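Asks: The listed protein sequences correspond, in order, to chains S and W.
Each residue of the first sequence is one higher than the last, beginning at 1 in the numbering used here.
Each residue of the second sequence is one higher than the last, beginning at 187 in the numbering used here.
Beta carbons are placed, not taken as given, at the ideal position from N, Cα and C, and that holds for glycine.
Predicted model only: the values in this text are computed from it and were never measured.
What follows is a single structure, and I will ask about it in a moment.
Number of protein chains: 2
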Amino acid sequence: MKTDTYKDLPNGDRQIVDFQIPGDFLGLRSVLLHTSDHSIEPITDIEVSEISADDLIDAFSKNQRLATAVLWAASRDEAMVVEHLIDLGRRNAIERLAHFLLELGSRLTLIGTGNTTGYACPLTQYHLADALGLSAVHVNRALRQLREKGLVTFQNGRVNFDSYDRLVAFAGFDPAYLDQKGPFLP
Amino acid sequence: MKTDTYKDLPNGDRQIVDFQIPGDFLGLRSVLLHTSDHSIEPITDIEVSEISADDLIDAFSKNQRLATAVLWAASRDEAMVVEHLIDLGRRNAIERLAHFLLELGSRLTLIGTGNTTGYACPLTQYHLADALGLSAVHVNRALRQLREKGLVTFQNGRVNFDSYDRLVAFAGFDPAYLDQKGPFLP
DNA sequence: CGACACCTTGAAACCCCTCAACGACTGTGG
DNA sequence: CCACAGTCGTTGAGGGGTTTCAAGGTGTCG
């Protein structure tokens with residue numbers, strides 16, 4: 001159902017780069033690069049189909065729409081990483097958490113497993129910490145603040161948006177970068 | 187000669203996502219996405235050629251190697267953003283700076299305007315601050331520490347590697363993600 | 001010379017981390 | 001059935017990295 005892509009660091013820390021939900025590519029980034037220094041970890045049970053790099057590239061020659069669609073997927077992945085980058089660079093812990101929970105909600109809504117009320121979220125606070133560049137302890141405190149502000153509650157594997165609109169305003173969340181209309185095909 | 191891609195935030199901060207050097211695509215990310223919420227800013231005089239999204243997509247149908255090469259470029263861009271993400275998430279200010287200066291050095295070396303001795307660098311400390319998620323004041327202090335450690339000197343528009351090997355070790359820099367061998371073409 | 005951009009330094013405050021401890025829950029083996 | 005280990009969540013105290021505020025210095029360019 002869900003996985004995450006991460007990189008381990010020499011000092012034992014790790015940084016989660018992004019999470020994948022049903023319908024997402026896994027490891028698209030490394031198809032053409034000679035290196036793949038990231039690891040993928042399942043969070044829940046998953047179901048995957050494999051496609052070889054050669055086949056994928058080969059298919060480009062036969063179908064230009066496929067090439068375009070794959071490039072679109074790669075661009076969208078990168079846009080998410082960029083937004084994630086902005087999280088880490090210029091938002092504090094509580095804003096990061098708010099923004100992250102909203103982004104995941106938007107993505108899950110698109111595939112029908114979430115809405116503005118909330119969604120099922122199998123992540124632990126340690127996952128959030130590794131994704132957001134925080135300590136697990138601080139994630140806990142930040143989640144409490146969000147709860148006490150009446151914005152969002154994350155408990156028992158569920159995210160509940162207590163006040164979706166106020167949360168969006170608080171986090172400065174604009175889902176445009178998720179490009180939920182799909183690839184532009186001529 | 188150089189540009190940077192950044193995003194302004196509501197509170198007046200901004201986050202630089204990456205820098206472009208000669209030979210790089212500008213705005214590839216937004217070709218297929220409906221949105222382009224990033225801005226591009228010239229740092230030095232630049233020379234660009236324009237290519238329309240339609241022409242690019244159209245070319246995919248005629249030349250599969252081109253589609254592959256463009257996807258490779260997008261993947262490489264993303265790999266750099268990912269490494270940048272790890273910088274912000276799990277490295278402190280001085281390691282971030284060291285890693286960043288090494289990455290830029292590697293990229294410039296590839297196009298022949300740098301080596302392990304150093305390179306010309308037209309960035310201000312404010313650029314570094316916006317890229318690395320730090321305050322300009324702290325960038326200044328961190329640069330001083332790197333200088334006093336005898337690792338690298340950044341002054342008067344030049345980066346001098348005082349001890350390249352020790353700097354690489356200090357920053358944990360591994361240029362593999364830059365994939366400097368170019369796209370894998372069957 | 002004045003305006004401006006950039007660099008430098010100090011002091012105080014703040015955000016977040018580390019360390020430490022404990023409670024709730026789950027699964028496991030005796 | 002119960003003791004035990006393991007994972008996850010929660011909370012407190014103390015310390016450190018970084019920010020903000022403030023001021024002054026240098027260089028360039030009109």
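Starting from the N-terminal side, write out each stretch of the alpha helix (DSSP H) that is 4 residues or longer and does not extend beyond the stretch 275 to 313 of chain W.
Replies: 279 to 296, all fully within the stretch 275 to 313 of chain W.
Asks: Whose Cβ in chain W lies nearer than 7 Å to the Cβ of A79(S)?
Replies: Sequence index remark: in the first sequence, residue 79(S) carries index 79 (1-based). Chain W residues near A79(S): R215, L219.
Asks: Could you check the C-alpha separation between Q20(S) and L108(S) for me, to the nearest Å?
Replies: Sequence index remark: in the first sequence, residue 20(S) carries index 20 (1-based). Sequence index remark: in the first sequence, residue 108(S) carries index 108 (1-based). Distance between the alpha carbons of Q20(S) and L108(S): 10 Å.
Asks: Compare the C-beta of A236(S) against all C-beta atoms of chain W and say whether one is closer than 8 Å.
Replies: Nothing can be reported for residue 236(S), as the shown portion of chain S is limited to 1 through 186.
Asks: By the DSSP assignment, the alpha helix (DSSP H) with D360(W) in it spans what residues?
Replies: Position 174 of the second sequence, counted from the first residue, corresponds to residue 360(W). That residue, D360(W), is in no alpha helix (DSSP H); it is neither H nor E in DSSP.
Asks: Give the interface partners of A203(S) over in chain W, defined as CB-CB distance under 8 Å, in chain order.
Replies: Chain S is shown only over 1 to 186; residue 203(S) falls outside these bounds and no answer can be derived.
Asks: Whose Cβ in chain W lies nearer than 7 Å to the Cβ of H84(S)?
Replies: For the purposes of this step, residue 84(S) is taken as the residue at position 84 of the first sequence. The contacting residues are L271.
Asks: Is it right to say V70(S) is buried, meaning 16 or more other beta carbons lie within 10 angstroms of its own, or is it exposed?
Replies: Start at 1 with the first residue of the first sequence, and residue 70(S) comes out as number 70. Buried, since its Cβ has 16 or more Cβ neighbours within 10 Å.
Asks: What does DSSP give as the partner residue(s) for V418(W) in the beta ladder?
Replies: It is not possible to answer for residue 418(W), since the shown part of chain W is limited to 187 through 372.
Asks: Any idea what DSSP makes of D316(W), helix, strand or coil?
Replies: Residue numbering aside, residue 316(W) sits at position 130 when the second sequence is read from its first letter. D316(W): helix per DSSP, three-state reduction.
Asks: Starting from D210(W), find everything on chain S with Cβ-Cβ shorter than 8 Å and list it in chain order.
Replies: Taking the second sequence and counting its residues from 1, one reaches residue 210(W) at position 24. None at all; the shortest Cβ gap to chain S is about 14 Å.
Asks: Any beta carbon of chain W sitting closer than 8 Å to that of F60(S)?
Replies: Working through the first sequence from its first residue, we reach residue 60(S) at position 60. By this cut-off, F60(S) is an interface position.
Asks: Work out the CA separation of F154(S) and S44(S) for me, nearest whole Å.
Replies: One-based indexing of the first sequence puts residue 44(S) at position 44. One-based indexing of the first sequence puts residue 154(S) at position 154. The residue asked about is misnamed: residue 44(S) is Thr in this sequence, not Ser. Whole-angstrom Cα-Cα distance: 18 Å.
Asks: Can you list the residues of chain W that L90(S) reaches, using a CB-CB cut of under 7 Å?
Replies: Counting from 1 along the first sequence, the entry for residue 90(S) is found at position 90. Note that residue 90(S) is Arg in the sequence shown, not Leu. Per Cβ cutoff of 7 Å: L195, D199, Q201, G319.
Asks: Check the Cβ-Cβ distances between Y126(S) and every residue of chain W, and say whether any is below 8 Å.
Replies: The residue you call residue 126(S) lines up with position 126 of the first sequence. No, its Cβ sits nowhere closer than 8 Å to a Cβ of chain W.
Asks: For I57(S), report the span of its alpha helix (DSSP H) as first-last.
Replies: On the first sequence, residue 57(S) is found 57 positions in, with the first residue counted as 1. Note, I57(S): alpha helix (DSSP H), 53 to 62.
Asks: Since G209(W) and I226(W) are thought to touch, with beta carbons under 8 Å apart, how far apart are those beta carbons, to the nearest angstrom?
Replies: Residue mapping note: residue 209(W) aligns to position 23 of the second sequence, counting from 1. Residue mapping note: residue 226(W) aligns to position 40 of the second sequence, counting from 1. 16 Å between Cβ atoms; not a contact.
Asks: Work out the CA separation of L314(W) and L97(S) for me, nearest whole Å.
Replies: Counting from 1 along the first sequence, the entry for residue 97(S) is found at position 97. Counting from 1 along the second sequence, the entry for residue 314(W) is found at position 128. C-alpha separation (whole angstroms): 25 Å.
Asks: Compare the beta carbon distance of L61(S) and L218(W) with 8 Å and say whether it is the shorter of the two.
Replies: For the purposes of this step, residue 61(S) is identified with residue 61 of the first sequence, where counting begins at 1. For the purposes of this step, residue 218(W) is identified with residue 32 of the second sequence, where counting begins at 1. Checking the sequence shown, residue 61(S) turns out to be Ser, not Leu. Not closer than 8 Å, so no.
Asks: Can you pull the chain W neighbours of K181(S), defined as C-beta to C-beta under 7 Å?
Replies: Translated into positions along the first sequence, residue 181(S) becomes position 181. Correct list: H220.
Asks: Using a Cβ cut-off of 7 Å, which residues of the stretch 222 to 239 of chain W contact any Cβ in chain S, in chain order?
Replies: D223
Asks: Since E41(S) is in the beta strand (DSSP E), which residue starts that stretch and which ends it?
Replies: Indexing the first sequence from 1 puts residue 41(S) at position 41. Element bounds for E41(S): 39 to 42.
Asks: Using the beta-carbon of each residue, which ones in chain W are nearer than 7 Å to A176(S)?
Replies: Looking up residue 176(S) in the first sequence gives position 176. Around A176(S), the beta-carbon contacts reaching into chain W at under 7 Å are T221, D223.
Asks: Contact between the stretch 83 to 103 of chain S and the stretch 128 to 143 of chain S: three or more CB pairs below 8 Å?
Replies: yes
Asks: What's the C-alpha gap between L102(S) and R352(W)?
Replies: Start at 1 with the first residue of the first sequence, and residue 102(S) comes out as number 102. Start at 1 with the first residue of the second sequence, and residue 352(W) comes out as number 166. Per the coordinates, the alpha-carbon of L102(S) lies some 42 Å from the alpha-carbon of R352(W).
Asks: For Q341(W), list the residues DSSP reports as bridge partners.
Replies: Your numbering for residue 341(W) matches position 155 in the second sequence. Answer is R344(W), bridged to Q341(W).
Asks: Assess contact between the stretch 268 to 280 of chain W and the stretch 234 to 253 of chain W, defined as three or more Cβ pairs (one per stretch) separated by less than 8 Å. Is contact present?
Replies: Cβ pair count under 8 Å is below three, so no.
Asks: How close, in whole Å, do the beta carbons of A93(S) and H138(S) come, if the pair is a contact with beta carbons under 8 Å?
Replies: In the first sequence, residue 93(S) corresponds to position 93, counting from 1. In the first sequence, residue 138(S) corresponds to position 138, counting from 1. The Cβ separation is near 6 Å, so the contact holds.
Asks: For F19(S), write down the residues that DSSP places opposite it in a beta bridge.
Replies: As a working note, residue 19(S) is residue 19 in the first sequence. For F19(S), DSSP records a beta bridge to D4(S).
Asks: Does the CB of I21(S) have a neighbour CB from chain W at under 8 Å?
Replies: Taking the first sequence and counting its residues from 1, one reaches residue 21(S) at position 21. No, its Cβ sits nowhere closer than 8 Å to a Cβ of chain W.
Asks: Keeping to the same chain, check which residues put their C-beta closer than 6 Å to that of L309(W); ignore five residues upstream and five downstream.
Replies: What you label residue 309(W) is simply residue 123 of the second sequence in a count that begins at 1. Excluding positions up to five away in sequence, the list is empty.
Asks: Taking R200(W) as the reference, which of T117(S), L146(S), L110(S), V82(S) has the closest Cα?
Replies: By 1-based counting over the second sequence, the position of residue 200(W) is 14. Nearest of T117(S), L146(S), L110(S), V82(S) to R200(W), Cα basis: V82(S).
Asks: Report yes if the CB atom of S117(S) is closer than 8 Å to the CB atom of F161(S), and no otherwise.
Replies: In the first sequence, counting from the first residue as 1, residue 117(S) sits at position 117. In the first sequence, counting from the first residue as 1, residue 161(S) sits at position 161. In the sequence under discussion, the amino acid at residue 117(S) is Thr, which differs from the Ser named in the question. Cβ distance < 8 Å, so T117(S) and F161(S) count as in contact.
Asks: Mark V338(W) as exposed unless 16 or more other C-beta atoms lie within 10 angstroms of its C-beta, in which case mark it buried.
Replies: Counting from 1 along the second sequence, the entry for residue 338(W) is found at position 152. With 16 or more other Cβ atoms within 10 Å, it is buried.
Asks: List the DSSP bridge partners of R14(S).
Replies: Here residue 14(S) refers to the residue found at position 14 when the first sequence is read from its first residue. D8(S), per the DSSP bridge assignment.
Asks: So, R91(S) versus C121(S), is the Cβ gap smaller than 8 Å?
Replies: Taking the first sequence and counting its residues from 1, the one referred to as residue 91(S) is at position 91. Taking the first sequence and counting its residues from 1, the one referred to as residue 121(S) is at position 121. Contact: no.
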